[in-house]
Each structure stands twice: as structure tokens, then as C-alpha cells.
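A short worksheet on the structure shown next.
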Amino acid sequence: MPLTGKERRHLRALGHHLEPVVLVGQSGVTEGVIAAVEQALNDHELIKVKINEGPEGRHEVADRIAADTGSDLAQLLGRTALFFKRRKLKSRFEDILKGPHEPKAVAKPAEEKKPRRR
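Under the UniProt record's numbering, the final residue of the sequence shown carries the number 118; numbering is consecutive throughout.
Right under this line is the structure:
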């Protein structure tokens, strides 16, 4: 399921402080790059990839990585791409993606306690 605009914005905020974990070199997108991105997505779910000059443009590289890994492109800023792929089990982003835009359950008011006599 593709990310909504609010989810994408929330992921961009969470990924702001991240450093790139995979570098795409002059050879472009190779099997090794795809394997490294898949492993990093499995470990972290949200990663940055640095795209250097190569045979393909940065948009084509980002689209190809997203398609080959089954991830979502959350952001492409300059030559740095932010990818997200939720794990099926034990995802860190289950509650986070609901974020501030989802209505929260209203807590029941606590019963007032009577003062104790001494």
C-alpha cells in the first residue's frame, strides 16, 4: 500500500537525522546495491541512500531501487533518497505512522477519591 502524504511527511521528519547507509557508485544500481539496500531495510526499515553520478539519473535510480526492493520512496532531496519498508513482524513504525494526525482514544475521567478521615 503506498504511503499517504501525512505518513510520508512524518517519515521525512524521522529520517532527517539519519546518515546514508548505502552508496550508489559509478556503476549505478547493481545486484550488490539492491542486496545491500534490502538488508538495510530489513534491519532499519527507514534508510537513506546516497546516489553518486552514474549512468542513470537520480530519479531513475531511486525509482529502480524502490521497485526492486518493494520499498516506498519517502523523499528524494538532491542526491540523497529516503526509503521505507515496513517489516511484517516487530515493526518499529506501527504506532509511529499513526502519528499526531490520528485521533487518540479519550481516557475516562478518574473517579474522585473521598478524603480519608484520621
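Backbone N, C-alpha and C fix where the C-beta goes; we use that ideal spot for every residue, glycine too.
Name the two residues that bound the continuous alpha helix (DSSP H) containing T69.
58-69
Separation of G32 from A74, as counted between CA atoms:
22 Å
Does the Cβ of L46 have 16 or more other Cβ atoms within 10 Å, making it buried, or fewer, making it exposed?
buried
Assigned exposure category for P103 - 16 Cβ within 10 Å defines buried:
Interpretation of P103 is limited by its pLDDT of 49, a score under 50 that renders its predicted location unreliable; the figure taken from the coordinates is listed afterwards. Counting Cβ neighbours within 10 Å, P103 comes out exposed, since fewer than 16 surround it.
In three-state terms, what does DSSP make of L11?
helix
Check whether the Cβ atoms of P20 and T80 lie closer than 8 Å to each other.
yes
E60 to V24 span [Cα, whole Å]:
12 Å
Beta-carbon proximity of R9 to L82, cut-off 8 Å:
no
Less than 6 Å between C-beta atoms, sequence neighbours within five positions excluded: which residues of the same chain meet that for K48?
L18, P20, T80, L82
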